[in-house]
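Student:
Number of protein chains: 2
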Amino acid sequence: MSPIELNKRQEEILGIVKENGPITGEQIAERLHLTRSTLRPDLAILTMAGFLDARPRVGYFYSGKKTGQAVTDSMMNMKVRDFQSIPIVVTENMMVYDAICHMFLEDVGTLFVVDKNAYLTGALSRKDLLRTSLGNKELNKIPVHIIMTRMPNITYCFKHDSLIHAAKKLIDKQIDALPIVKEHPDGYEVIGRITKTNITGAFLSLAENHDL
Amino acid sequence: MSPIELNKRQEEILGIVKENGPITGEQIAERLHLTRSTLRPDLAILTMAGFLDARPRVGYFYSGKKTGQAVTDSMMNMKVRDFQSIPIVVTENMMVYDAICHMFLEDVGTLFVVDKNAYLTGALSRKDLLRTSLGNKELNKIPVHIIMTRMPNITYCFKHDSLIHAAKKLIDKQIDALPIVKEHPDGYEVIGRITKTNITGAFLSLAENHDL
């Protein structure tokens, strides 16, 4: 992807239009002590790249909208921390019945399980809980650590990771949520949660921010 | 968003570079019977907009990559039908126990329920089934039509809808999946399924297709 780099004169034009738009090509040329025809290629580039909008008999104005290029930039700059949800954690000895109630109460699809030091040890999805509830009548006698997916088989991410990277993990591992963790000498603290809902929201925000 | 519309000469240049690149500015000018300086603005526009790449002492070549503008276009052109999954449907009289087994067997998060004419009448999420399995011991005696979310409270979409539109419905209604339906005089036939997994996949494909 070759980024659009503006030259000094194009930056100047952009500045003038930002402050004074709508403004005609002649007026911009006057301010820069240049002829209209000298400016024509620069104005064409700025308009075609979406930095400026031009209206007949009105002049140039700053588009305000982000350009197509900016959609790309937006995607690359999306970080996990900007789209995360609050993580819901339970302890290893919580009973499956209570975990299911907790899941409904908090309205989440995935619970993270932590040990007595509050470090991540496991994860519980709706699917895990549904599977257990099918076969077992005594959900209030089975602690979650028996049925949870266990470290090191938990896929996690960090708050500075790109959202694209997190989305790739969700798809590759076929899971609904990743814990966002902070590394400590003895384990991982769960500081957030990123889900397919968050990614869907990000997809939507990309469209809305760029007026699609 | 102002789309980049190429003029006839720019299209010609693009065609020449596509077929003959890498090619120098002088060689392009020669083929068009124009001077190098006449072409300079067009080449600048094509390069800055990302259609062409230029390397010193090599010349211009077709970028092959989609441009930033193209990310925008890609998003707007993403249709539900291009990212859909196969719908898993069950009949209204299937027992909840069997529906849960079916959900695991097919590895989906949402089942759609149809009547004897195969028209959509309801939807069952993992959440619905988990809630029912908590309170009830006799899952093999409760038919799904008792617990399903029922028409007209099902949010659906059509295969030609934009993916952005479908993503918005998923977020607004706080659901995991939409049935893709085909309208008939007496009801809706379920012809596909679009989920947050599909949207996450689309988000990722947007990044991958544009080399982010």
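As you go down the protein sequences, you meet chains A and B in turn.
According to the working numbering, the first sequence holds residues -17 to 194 in order.
According to the working numbering, the second sequence holds residues -17 to 194 in order.
Every residue, glycine too, gets a C-beta built ideally from N, C-alpha and C.
Closer than 8 angstroms, CB to CB, is residue 100 of chain A near chain B or not?
Tutor: Counted from its first residue, the first sequence places residue 100 of chain A at position 118. So, not an interface residue.
Student: Could you confirm whether any beta carbon from chain A is found closer than 8 angstroms to the beta carbon of residue 152 of chain B?
Tutor: Taking the first residue of the second sequence as position 1, residue 152 of chain B is located at position 170. Chain A, which has a Cβ nearer than 8 angstroms to the Cβ of residue 152 of chain B, makes this yes.
Student: Can the beta-carbon of residue 169 of chain B be found less than 8 angstroms from the beta-carbon of residue 102 of chain B?
Tutor: Counted from its first residue, the second sequence places residue 169 of chain B at position 187. Counted from its first residue, the second sequence places residue 102 of chain B at position 120. Yes, the Cβ-Cβ distance between residue 169 of chain B and residue 102 of chain B is below 8 angstroms.
Student: To the nearest angstrom, how far is the alpha carbon of residue 97 of chain B from that of residue 83 of chain A?
Tutor: Position 115 of the second sequence holds residue 97 of chain B. Position 101 of the first sequence holds residue 83 of chain A. So the alpha carbons of these two residues sit roughly 32 angstroms apart.
Student: Using Cβ-Cβ distances below 8 angstroms, what residues of the segment 17 to 38 of chain A are close to chain B?
Tutor: So the list reads 22, 23, 26, 27, 29, 30, 31, 32 and 35, given in the order they occur along the chain.
Student: Would you call the CB atoms of residue 155 of chain B and residue 178 of chain A closer than 8 angstroms?
Tutor: Locating residue 155 of chain B in the second sequence gives position 173, where the first residue counts as 1. Locating residue 178 of chain A in the first sequence gives position 196, where the first residue counts as 1. Against a cut-off of 8 angstroms, the Cβ pair of residue 178 of chain A and residue 155 of chain B comes out as no contact.
Student: If contact means a Cβ-Cβ distance below 9 angstroms, which residues of the segment 110 to 144 of chain A contact chain B?
Tutor: Flagged, chain order: 111, 112, 113, 115, 116, 119, 121 and 144.
Student: Using the three-state DSSP reduction, which class does residue 108 of chain B fall into: helix, strand or coil?
Tutor: On the second sequence, residue 108 of chain B is found 126 positions in, with the first residue counted as 1. Helix.
Student: Any C-beta of chain B within less than 9 angstroms: which residues of the segment 177 to 190 of chain A qualify?
Tutor: Answer set for the segment 177 to 190 of chain A: 177, 178, 179, 181, 182, 183, 184, 185, 186, 188, 189 and 190.
Student: Answer yes or no: does any C-beta atom of chain B fall closer than 8 angstroms to that of residue 63 of chain A?
Tutor: To locate residue 63 of chain A, count along the first sequence from 1; it is residue 81. Judged by the 8 angstroms Cβ criterion, residue 63 of chain A is not in contact with chain B.
Student: Beta-carbon within less than 8 angstroms of residue 121 of chain B's beta-carbon, same chain only, minus the 5 sequence neighbours each way: which residues are those?
Tutor: On the second sequence, residue 121 of chain B is found 139 positions in, with the first residue counted as 1. Closer than 8 angstroms at the Cβ level, and outside the excluded window around residue 121 of chain B, lie 77, 78, 79, 82, 114 and 115.
Student: Quick check: is the beta carbon of residue 43 of chain B nearer than 8 angstroms to any beta carbon in chain A?
Tutor: Mapped onto the second sequence, residue 43 of chain B falls at position 61. It does not; no Cβ of chain A falls within 8 angstroms.
Student: Return helix, strand or coil for residue 100 of chain B, following the three-state DSSP convention.
Tutor: Position 118 of the second sequence, counted from the start, is the residue given in the question as residue 100 of chain B. Coil, per DSSP.
Student: So, are the CB atoms of residue 184 of chain A and residue 145 of chain A less than 8 angstroms apart?
Tutor: Taking the first residue of the first sequence as position 1, residue 184 of chain A is located at position 202. Taking the first residue of the first sequence as position 1, residue 145 of chain A is located at position 163. Yes.
Student: Between the segment 64 to 72 of chain B and the segment -12 to 0 of chain B, can you find at least three pairs of beta-carbon atoms closer than 8 angstroms?
Tutor: Because the criterion of three Cβ pairs below 8 angstroms is not met, the segment -12 to 0 of chain B and the segment 64 to 72 of chain B do not touch.
Student: Does DSSP put residue -16 of chain B in a helix, a strand or coil?
Tutor: As a position in the second sequence, residue -16 of chain B is number 2, starting the count at 1. Reliability fails at residue -16 of chain B, whose pLDDT of 38 lies under 50, so the model's placement of it is uncertain and the value that follows must be treated cautiously. Here residue -16 of chain B sits in coil by DSSP.
Student: In the DSSP assignment, find the unbroken beta strand (DSSP E) run with residue 73 of chain A in it and report its ends.
Tutor: For the purposes of this step, residue 73 of chain A is identified with residue 91 of the first sequence, where counting begins at 1. Taken as a continuous stretch (DSSP letters only), the beta strand (DSSP E) holding residue 73 of chain A covers 71 to 73.
Student: Given a cut-off of 8 angstroms on the beta-carbon distance, is the pair residue 141 of chain B and residue 157 of chain B in contact?
Tutor: Taking the first residue of the second sequence as position 1, residue 141 of chain B is located at position 159. Taking the first residue of the second sequence as position 1, residue 157 of chain B is located at position 175. Not a contact, by the Cβ cut-off of 8 angstroms.
Student: With a 10 Å radius around its C-beta and 16 neighbouring C-beta atoms as the bar for buried, classify residue 64 of chain A as buried or exposed.
Tutor: Position 82 of the first sequence holds residue 64 of chain A. Classification of residue 64 of chain A: exposed, given that the 10 Å Cβ count is below 16.
Student: Which term fits residue 50 of chain A, buried or exposed, when burial requires 16 or more other beta carbons within 10 angstroms of its beta carbon?
Tutor: Locating residue 50 of chain A in the first sequence gives position 68, where the first residue counts as 1. The predicted position of residue 50 of chain A is uncertain, since its pLDDT is 49 and thus under 50; no value can be drawn from it.
Student: Does residue 162 of chain A get closer than 8 angstroms to chain B when you measure Cβ to Cβ?
Tutor: For this step, residue 162 of chain A is matched to residue 180 along the first sequence. Residue 162 of chain A does not count as touching chain B.
Student: With DSSP as the reference, label residue 94 of chain B as helix, strand or coil.
Tutor: Stepping through the second sequence from its first residue, residue 94 of chain B is reached at position 112. In the structure shown, residue 94 of chain B sits in a strand (DSSP, three-state: E or B).
Student: With H, G and I counted as helix, E and B as strand and the rest as coil, what does DSSP make of residue -6 of chain A?
Tutor: Position 12 of the first sequence, counted from the start, is the residue given in the question as residue -6 of chain A. The answer is helix: DSSP assigns residue -6 of chain A an H, G or I state.
Student: Exposed or buried, which one is residue 175 of chain B when buried takes at least 16 other CB atoms within 10 Å?
Tutor: Counted from its first residue, the second sequence places residue 175 of chain B at position 193. Label assigned to residue 175 of chain B: buried.
Student: Excluding the five sequence neighbours on either side, which residues of its own chain have a C-beta within less than 8 angstroms of the C-beta of residue 10 of chain B, listed in chain order?
Tutor: For the purposes of this step, residue 10 of chain B is identified with residue 28 of the second sequence, where counting begins at 1. So the qualifying residues of the chain are -5, -2, -1, 21, 25 and 42.
Student: Tell me which residue opens and which closes the beta strand (DSSP E) that residue 34 of chain A is part of.
Tutor: Indexing the first sequence from 1 puts residue 34 of chain A at position 52. Residues 34 to 37.
Student: With the cut-off set at 8 angstroms, would you say residue 188 of chain A and residue 60 of chain B are in Cβ contact?
Tutor: As a first step, residue 188 of chain A must be located in the first sequence, where it is residue number 206. As a first step, residue 60 of chain B must be located in the second sequence, where it is residue number 78. Cβ atoms of residue 188 of chain A and residue 60 of chain B: not closer than 8 angstroms.
Student: Mapping DSSP to helix, strand and coil, what is residue 45 of chain A?
Tutor: Counting from 1 along the first sequence, the entry for residue 45 of chain A is found at position 63. Correct three-state label for residue 45 of chain A: coil.
Student: Within 8 angstroms of any Cβ in chain A, is that where the Cβ of residue -6 of chain B sits?
Tutor: In the second sequence, residue -6 of chain B corresponds to position 12, counting from 1. No, residue -6 of chain B lies away from the interface with chain A (no Cβ there is under 8 angstroms from its Cβ).
Student: Could you list which residues in chain A have their beta carbon closer than 9 angstroms to that of residue 86 of chain B, in chain order?
Tutor: Working through the second sequence from its first residue, we reach residue 86 of chain B at position 104. Here the neighbours are 109, 112, 113 and 116.
Student: Does the CB of residue 149 of chain B have a neighbour CB from chain A at under 8 angstroms?
Tutor: For the purposes of this step, residue 149 of chain B is taken as the residue at position 167 of the second sequence. Output row for residue 149 of chain B: interface = yes.
Student: Is it true that the CB of residue 126 of chain B sits closer than 8 angstroms to the CB of residue 95 of chain B?
Tutor: For the purposes of this step, residue 95 of chain B is taken as residue 113 along the second sequence, with counting starting at 1. For the purposes of this step, residue 126 of chain B is taken as residue 144 along the second sequence, with counting starting at 1. Yes, these two residues count as a Cβ contact at 8 angstroms.
Student: Looking at the strands, I want to know which residues DSSP matches up with residue 161 of chain A.
Tutor: For the purposes of this step, residue 161 of chain A is taken as the residue at position 179 of the first sequence. A:175.
Student: Nearest by alpha-carbon distance to residue 107 of chain A: which of A:131, A:87 and A:99 is it?
Tutor: The count along the first sequence starts at 1 and reaches residue 107 of chain A at position 125. Nearest option by C-alpha distance: A:131.
Student: Residue 136 of chain A and residue 105 of chain A: beta carbons closer than 8 angstroms?
Tutor: Position 154 of the first sequence holds residue 136 of chain A. Position 123 of the first sequence holds residue 105 of chain A. The answer is yes: Cβ separation under 8 angstroms.
Student: What residues from chain B crowd round residue 82 of chain A, counting only those whose CB sits closer than 7 angstroms?
Tutor: Residue mapping note: residue 82 of chain A aligns to position 100 of the first sequence, counting from 1. Correct list: 112 and 116.
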